[in-house]
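K.L.:
Protein chains in written order, with the numbering used here: chain A, 10 to 470; chain B, 10 to 470; chain C, 204 to 478; chain D, 204 to 478. Ideal placement from N, C-alpha and C gives every residue a C-beta, glycine not left out. Got a structure here, written out as C-alpha cells. Questions coming.
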Ligand code: B12
Ligand code: B12
C-alpha cells in the first residue's frame, strides 16, 4: 500500500467540479471526472420490499426503470444510479447478485436504445457488528460482505462502494460526550486500521472482475457528528467539534484510495474534497439536492469540486411531480446540467467559487470544506502521510487553525459553546504524544473501559 | 389603465435576478427585487385540513412555524411564505382572514425575535365557475373572492396574488385539439378581458389597506399546455404549441400589472420573464426546486431573472430530512443563497447566463423564455401594446420566429410533430384579420358552438 | 464574457440531449404501420371512411358516411367496420407514440359526429361496450384530465357519462343508480379534494350500491391514499381508462384485481405502480 | 475575478446569518438561571453535590457523595435531594438551549456513578420512577438515537433497560414479560427496518401482552407509518422520552392519548405532529 505523502494537485485552484486528476471509465460509455458532472440518483427501498428476494429485485428494477424514463424525458446525457444495499441484501449474497443483474439489464437496454450513458454503483452494507468478541475480521457477516461484493461484480455492477464502520463505537462515544480524544482514536486510528483491512480485500475482488473499486466514506463517524450537530439552533453536538471530526475523516477516507479505490468516492463523504485534493480521484458529493435525506449547512459549497452529484436518499413513493426516483433524479440532473454548462462555457471556476462562497461562513463545518481549506487540510495530512495517527492530529489542528483564523479575521462568529469546545479540543490534541503506539496503548486502555462495544481484538490491537 | 407600449428595460442584458426596475417594500423589512433574491416556500394543506376552519387555521399556522424554524436553522436572511388558498378558504372569507392572521402572528414573532425578514403572500382561489350563465362578474363566488381578498388584507398579509381563470374553457379546448386560434382567443382575448375586470377591483382593495397587490399568472392556460406537453417523450401537446401559448400568456399576465399589480408576480407564471422585461416589476419563478410539484424543461433557465424563487407546491408530510415546509424551504433557500452570492460578488450576470444556457436548447418552451428571447417577445408585445388581441398575435409570431431561427441555426432540432404544429400555427396566425372586433365576433361564434362551457356574456361580449 | 460568447462555446449534447428527436424513426404514413394495417378494413366504403377518421378528416368522413347510408349500408356496420376501426387505429398509433393527443381528439370528434349520423338512421343510440361514469371531485375545478378520459373512453367504444366538475357525492350515487356503470372514474387535482373519494365510497355503500371499480386519479392523488379505501383503484394516465374498463368487461376484473394487475392490464411499466 | 477578490466583495449577512450567535444571550453561570435556582437545594451538602453534577464534575461529586455517606447522610436523601436535583437542573438547561448534549451525557455519567455509590450503602438498587425498555429494530445497526434515549431516561429518574441493536421481536416480548415496563422505545433508521415495529406489536398481542405505549422513532420512521398500528406513538426527539414516560406515569396516558397530545406533553411545537 502506497501512503500519500504529497498532494496530487499543485494548488487548490486546480480543482473544479467535473474534472479529476485521475478520471475513471466504465462500460456504457460512462466516464467520471473526465470533464462533466454525473448526477446520481439513490432511492431507499420501500418498506416491505425486504420481505423476499423477489420483492427486493422488483423494487430495484422498478427504481431503475423510473429513473431511466425521467432521464430521457428531461434530456440528461448521463446518470448514475447507486443502490445502497440493506442488510438482507448483503446477508444473502444471492440477493445482491440478483438485484444487480436486474438493474444492469434495465440500464443496458436504455443505453442501447437511446445511447444514454449510465452506470450502476452497488454499495453492499457493512453488516459486521462491532461488539466484544464479534470477530470483525473472520465472522460469517464479514464473509457475506465480501461474497456480496463478488456477486455485484459478477452481475455487472460498474462500480463498488462500501461504508465501512470500523471505530464507530469509540467515535460515537466521543461525539456524544464531546471527547475529542475518542473522536481521534475512533476515526483516525481504528477507522483507518479497519478500512485498510477491508479495502485490501475489496480491491482484489474488483480487480479480478475488472469492476471499478469506487470508494468508502467516513459516514459512520463524521456524518453522525454532523447530524447530531444539526442546524444552527440545535444543541446536540458542537459544530466546531463536528468540523474536527470531518477533518480527521479526511485522513480516514483516504485509506481506501491508498488501498486502490479509484473513485468516485461515496457521496455521503463530506470529507471528499480533502481526499480529492490529496489523491486526485473523482468524488461524489451531496448537498442542496439531498434535503430529502437530511439538512446540511453546506448545500452549495460541497458541489464545488464534485464529479458526481447525489440526492443521498429518499423514500420510494409519489410526489405530485412523479415518483421519487424520477423527481430526485431531475433535481440532481438539473444541477449537474448547470455545472456542465459552466464547464462548457469555461466558467466552471466561477461557479465553483460561487458555490463555495455561498456557504463558506455559514458554519465552521462548511468553512473547513471550502476547497482552499480542504486543500490546506490535505497538505497537513500528507505531511504526516505515513502515519494515520499523526496525520489525523495534523488534520484536526489544521481545522482548528482555519476556524481560528476566520474568527480572528471576523469572517465568522462562533457561539461560546463552539469556541469553548474548539479551544478544549485543540488543547487536548496539543498535549498528545507524538508516538502513535503510545497513544494507541493508552486509548485502548481508556476506551476499552469506557466503551462497552469496543474490542481491541477487532483491530488486532 | 395604462397599457405598456414601450419596454421598461433598455436591453435584455439589464435584467438579472434579484433586481427589478421597480422594487417592492413591505413590512418586516422585506424588500423584493431590491438587490437580493427571496426564497418562497409553498405547501399544499394536508388532506382533511379542509374539514373545518379550525383545522385549516392550525394547518396554516403549523406550516409557517416549521418554515420559520428551518429558516433560522440554516441561516436564511429572508424568506416568503405563500399560501394558496383552497376553495373552502375563499368560499368562506372568514377562513381566509383567520388563516392569514395565524400566519402573520407567527411570522411577526420570529421577525421580532431574530430580525429575519419575512412576508406572507396570500393567494385566494378564483372560485368562479366558467359555465353558461354562471355570471362570472356578479355571482356569489365572485363576491367571495373579493371578500376573501379584503380579509387577507385586513389580517396582515403582505402581498395579495390570484390566479384568474378567464378564458380557460376555450384555451383548454385549443390545447387539447392543437387549435392555435382557440389558444389565442382563450388566452389573449378572453383571459385579458377577464384579468382586467378582476384586477381593477383587486388593486382597489389592496390600496385601501396599503397591502401590495402582487400579481396574476397565466397558469390556468399556458401551464395546462406545459403540463400536457410534459417530458420530451410525452405525446399529449406539441412543445412548440405550448411555447406559443406561453408567449401569448406573457401578453395576458401583463394585464394585471397594467391594472396596478406591483409584483412579485406569481411563481407559476413561467411567462414572467416576458412581463418583467416589459414592466420592470419583480417576479417570482419556480423551476428546478419545484420538481416536487411538476417537471419542467427549464429548471435552471427560469431562475435567470427571478426576484423570488419558489418550490411551487408540495404535500405537507415528512421526508427523512424533516417535514416538507422545512425541506423545501431549504431547497429554495439554498438556491436563493447562491444567487445572492453571485450578486454580492458581482458575478450575477454570469450565473444568470449559466442558468439560461443550461436549458436554452433543451426544449422550444425553454428557448423562448431565455431572457434575451423573452425580451424579444416583450418588444413584440409593446409594439401593439394597446390592443390585447394584436399584441397576442405579435407574441405568438415572435415565438415562431425565435424557434425557427434556432432551428435554422441548427441550435435545436424539432420532431416532425413539433415542426408541423408550429408551421400550421404560424400559417393560421398570419391569416387572421388585423381588426380585433372582427376576430372576436368570429371566435365568439365558432367557440360558442364548439365549447360547451364558454359563455360570451361572462366577458361582456 | 458575453452571453453570446458563452453560448458559442457550448457543445450542446454535453448538456441536454433531445431524445424525442433521437427516438424519432423515419417519417411513415399512418396507414403503413403494420399495427394499423391489421386493423383497417379492406372493403370499401369502410376503408375510405376508416382512413378519413385516421386522418382526422371530419368533413369528408361525415360526407362519406351520409353517402353510404343513402346507398343503403347498415349504420351498425358503418359504425363497427369503419368508424370504430378508424379510431382504433388512431388509439394504436397514440399508444405507439406516433400520434399525439390532438390527433386523438380531432379523430374522436370526427368519429363521434359520424356515429351520430348513423344513429339518426338507426333511430336509436348505437350499442356501446358499456357505460362508464366520469366525475371531478367535489370542490375541484380542474377538469382537463377528466375531459381526456371522456375522449379516450368514447374512442374505445364505451358510453362515457360526464358528470362535470365539482360533483357532490350524492350526485355520483344518483348516477350509479341511473346508469349502473361498468366502471367509474373520479379525478381530483388537490390534496384537499381527493378527500371526496372516500366520501363517494361511503355514500355508495350507504345506498347499498357497488361498482366493479372506481378509478381515482388526478394531479395530487397518490396511490397510497387511494388504497386506503375499498372499491377504488389508482389511475395514472387518461388513456389507461378504456383498458381498465376492458379488463372489467372482458375478464370480469374487480378493483382488487385491477390494483394487483394494473401494469399488466395497461400493458406498460407504470412508475407509480412500482413504488 | 479571483476567488479572494470575490470573497472580499461579500457582505456576509446578505447571504447567511448565524442565528445561533444572534440568539445567544450574555454569558451567565449555570446556577444563576432562575429555573435552575428553583430546582437547586439550598442545604448542604446537597447543594454542593447538586452543583457538582450541574458542572459535570464526576470526580468531586463522587468524592463528596462518599464523604456524605460516611458522615451518615441517607443514601436515599442524597439521591433525591442532591443527585436528581442536579441532573434535573441539567435537563432544564438543555431544554432551554443553554446546555448541550455532551453536558448532559457527562453530568449523566457523574450522576449515575454517584447513585451507584449510594446504592452500595443502601444494599439494593434505588427506587426509580419506573422501568422503560429500549431497543433498536431488528436488522438495524443504528443505535446512537437509542443510546441518547437511555441517557435522557436515566437523567429523568427512570430505570432504562437497554436491549441493544438488531433486536428480534421475540426478545422484546421476553423483556416485556420480565420487566412489565411502563413505556417502551423502539428505534429504526431505515425504511426496511421500521417494518419491525408492526412485528413487535403483533408478537406482543399474540403473547397477550400490552404496554401503555411503544414510542417508535428514528431517522427513516414516519408518523403516518407508525400510526398504522396499535400501541405505538411516533417519537421525535430523544429528550421527549422522559416526558412521555412521565405522562404515562402521572396522568395515566396511553398510546392514544400520547398521539393526540404529543406536542402539549413535550411542551413545544413539533413539526412532525403538525403535518
Ligand atoms: C391548470 C391548473 C389549474 C387551472 C384548471 C383549469 C382546468 N380546466 O382544469 C385553474 C387555473 C382553474 C386552477 C385553479 C386552481 N388551482 Co390549479 N392547477 C393547474 C395545473 C397547473 C395543471 C392541471 C392540469 O390540467 N394538468 C393536466 C391534466 C391532464 O392532468 P390531470 O387532471 O391530473 O389528469 C392526468 C392524470 O392524472 C390522469 N387521470 C386523472 N384522473 C384519472 C382517473 C383515472 C381512472 C385514470 C386512469 C387517470 C386519471 O389523466 C391525465 C393524464 O393522462 C396544476 C399543476 C399540476 N402539477 O398538476 C395546478 C394545481 C392542481 N392547482 C393547484 C391549486 C392550489 C389551485 C388553486 C386552489 C390555486 C388558487 N389558490 O387559485 C385553484 C383552484 C381554485 C378552486 N376553484 O378551488 C395546486 C393544487 C395543490 C393542492 N392543494 O393539492 C396545483 C397542484 C398547482 C400547485 N400549486 O402546485 N388550476
Ligand atoms: C451514522 C449512520 C450510520 C452508521 C451507524 C452508526 C451507529 N452506531 O448508529 C453506520 C455507518 C453503521 C451506518 C450504516 C448503514 N446505513 Co446508515 N446512517 C447513518 C446516518 C448518517 C446518521 C444516523 C444517526 O446516527 N443519526 C443521529 C441519531 C441520534 O438519530 P436517530 O437515531 O434518528 O435518533 C433521533 C430521533 O430519531 C429520536 N429518536 C429515535 N428513536 C426514538 C424513539 C422515541 C420514543 C423518541 C421519542 C425519539 C426517538 O432521537 C434522536 C434525536 O434526539 C444516517 C443518515 C440520516 N439522515 O439519519 C444514515 C442512514 C440511516 N443509513 C442508511 C443506510 C442505507 C445504511 C446502510 C444500509 C448503508 C450501506 N449500504 O452500507 C448501512 C447499514 C448496514 C446494515 N448493517 O444494515 C440510510 C437508510 C436509508 C433507508 N433504507 O431507509 C440513511 C438514512 C442514510 C442514507 N443513505 O440516506 N449508518
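I'd like to confirm something about residue 393/D: is its beta-carbon nearer than 7 Å to some heavy atom of ligand 2, or not?
P.N.:
Yes, Cβ of residue 393/D sits closer than 7 Å to a heavy atom of ligand 2.
K.L.:
Look up residue 136/A in the DSSP assignment and say whether it is helix, strand or coil.
P.N.:
The answer is coil: DSSP assigns residue 136/A none of H, G, I, E or B.
K.L.:
Roughly how many angstroms separate the alpha carbons of residue 4/B and residue 457/B, rounded to a whole number?
P.N.:
Here chain B covers residues 10 to 470 and nothing more, so residue 4/B does not appear.
K.L.:
What in chain A is Cβ-close to residue 430/C, meaning under 9 Å?
P.N.:
Result: empty, since nearest Cβ-Cβ is about 12 Å, beyond 9 Å.
K.L.:
Below 8 Å between beta carbons: does that hold for residue 287/A and residue 391/A?
P.N.:
Yes. Within cutoff.
K.L.:
Counting only Cβ pairs nearer than 8 Å, list the residues of chain B close to residue 82/A.
P.N.:
Going along chain B in sequence order, the residues near residue 82/A (Cβ under 8 Å) are 239, 240, 241, 242, 243 and 304.
K.L.:
Indicate the three-state DSSP secondary structure (helix, strand or coil) for residue 129/A in the structure shown.
P.N.:
Residue 129/A falls in the strand class under three-state DSSP.
K.L.:
The beta strand (DSSP E) that contains residue 334/D, what's its start and end?
P.N.:
Element bounds for residue 334/D: 334-339.
K.L.:
Any idea which residues DSSP pairs residue 318/A with across the strands?
P.N.:
Bridge partners of residue 318/A: 48/A and 294/A.
K.L.:
Which residues of chain B have a Cβ atom closer than 8 Å to the Cβ of residue 59/A, listed in chain order?
P.N.:
The premise fails here: residue 59/A is roughly 17 Å from chain B at the closest Cβ pair, so nothing lies under 8 Å.
K.L.:
When burial is assigned at 16 or more other CB atoms within 10 Å of the CB, is residue 240/C buried or exposed?
P.N.:
Looking at its Cβ environment, which holds fewer than 16 other Cβ atoms inside 10 Å, residue 240/C is exposed.
K.L.:
Of the choices 265/C, 282/C and 291/C, whose alpha-carbon is the least far from that of residue 243/C?
P.N.:
For the residues 265/C, 282/C and 291/C, the minimum Cα distance to residue 243/C belongs to 291/C.
K.L.:
Are the beta-carbon atoms belonging to residue 209/D and residue 356/B less than 8 Å from one another?
P.N.:
Yes; because the gap between Cβ atoms is below 8 Å, this pair is in contact.
K.L.:
Nearer than 7 Å: is that true of the beta carbon of residue 444/C relative to any heavy atom of ligand 1?
P.N.:
Under cutoff, so the answer is yes.
K.L.:
Taking a Cβ distance cut-off of 9 Å, strictly less, list which residues of the region 421-435 of chain A are near chain D, in chain order.
P.N.:
Hits within the stretch, in order: 421, 422, 423, 424, 425, 426, 427 and 430.
K.L.:
The region 70-103 of chain B: which residues have C-beta closer than 8 Å to a C-beta of chain C, in chain order?
P.N.:
Cβ contacts with chain C come from 95, 96 and 97.
K.L.:
Could you check where the beta strand (DSSP E) with residue 90/B kicks off and where it finishes?
P.N.:
Segment 87-93, the beta strand (DSSP E) holding residue 90/B.
K.L.:
Starting from the Cα of residue 215/B, find the closest Cα among 203/B, 172/B and 161/B and give me that residue.
P.N.:
Nearest of 203/B, 172/B and 161/B to residue 215/B, Cα basis: 161/B.
K.L.:
For the alpha helix (DSSP H) holding residue 365/C, just list the boundary residues, first then last.
P.N.:
Looking at the DSSP string, residue 365/C is not in any alpha helix (DSSP H); the run it does join, the beta strand (DSSP E), is 362-365.
K.L.:
Report the rounded CA-to-CA distance for residue 268/B versus residue 29/B, giving the unit in angstroms.
P.N.:
Their backbone Cα atoms lie some 18 Å apart in a straight line.
K.L.:
The region 401-424 of chain D: which residues have C-beta closer than 8 Å to a C-beta of chain B, in chain order?
P.N.:
Going along the region 401-424 of chain D in chain order, one finds 422 and 423 with a Cβ nearer than 8 Å to chain B.
K.L.:
Taking all protein chains shown into account, decide if residue 155/C is buried (16 or more other Cβ within 10 angstroms of its Cβ) or exposed.
P.N.:
Outside the displayed range of chain C (204 to 478) lies residue 155/C, so it cannot be described from this structure.
K.L.:
Are the CB atoms of residue 375/A and residue 310/A nearer to each other than 8 Å?
P.N.:
Yes, Cβ-Cβ distance for residue 375/A and residue 310/A is below 8 Å.
K.L.:
Quick check: is any heavy atom of ligand 2 less than 7 Å from the C-beta of residue 232/A?
P.N.:
At least one heavy atom of ligand 2 is nearer than 7 Å to the Cβ of residue 232/A, so yes.
K.L.:
How would you list, in chain order, the residues of chain A whose beta-carbon sits under 7 Å from the beta-carbon of residue 494/D?
P.N.:
The question about residue 494/D has no answer, for chain D in this structure spans 204 to 478.
K.L.:
Between residue 256/A and residue 377/A, is the Cβ-Cβ spacing less than 8 Å?
P.N.:
Result yes, Cβ atoms of residue 256/A and residue 377/A sit closer than 8 Å.
K.L.:
Does the beta carbon of residue 236/C come closer than 8 Å to any beta carbon on chain A?
P.N.:
Taking Cβ atoms only, chain A never reaches closer than 8 Å to residue 236/C, which makes this a no.
K.L.:
Quick one: is residue 178/C near chain B, going by C-beta distance under 8 Å?
P.N.:
The displayed coordinates of chain C run from 204 to 478. Any statement about residue 178/C would go beyond what the structure contains.
K.L.:
Output, in sequence order along the chain, the residues in the region 244-269 of chain B whose CB is closer than 9 Å to any CB in chain D.
P.N.:
The residues in question: there are none.
K.L.:
Is the CB-CB distance between residue 332/C and residue 447/C below 8 Å?
P.N.:
Contact flag unset, no.
K.L.:
How many Å lie between residue 310/D and residue 233/D at the Cα?
P.N.:
The straight-line gap from Cα to Cα measures roughly 13 Å.
K.L.:
If we count the other Cβ atoms within 10 Å of its Cβ and call it buried at 16 or more, is residue 463/C buried or exposed?
P.N.:
Exposed, by the Cβ-count rule.
K.L.:
For the region 37-55 of chain B, list every residue whose C-beta sits within 7 Å of some C-beta in chain C, in sequence order.
P.N.:
Correct list: 53, 54 and 55.
K.L.:
Tell me the rounded alpha-carbon separation between residue 437/D and residue 414/D.
P.N.:
Using only the alpha carbons, I get a separation of about 15 Å.
K.L.:
If you drop the 5 nearest sequence neighbours on each side, which residues of the same chain put their C-beta closer than 7 Å to that of residue 102/A?
P.N.:
These residues qualify, in order along the chain: 153, 156, 157 and 160.
K.L.:
Is residue 416/A helix, strand or coil when you go by DSSP?
P.N.:
It is helical.
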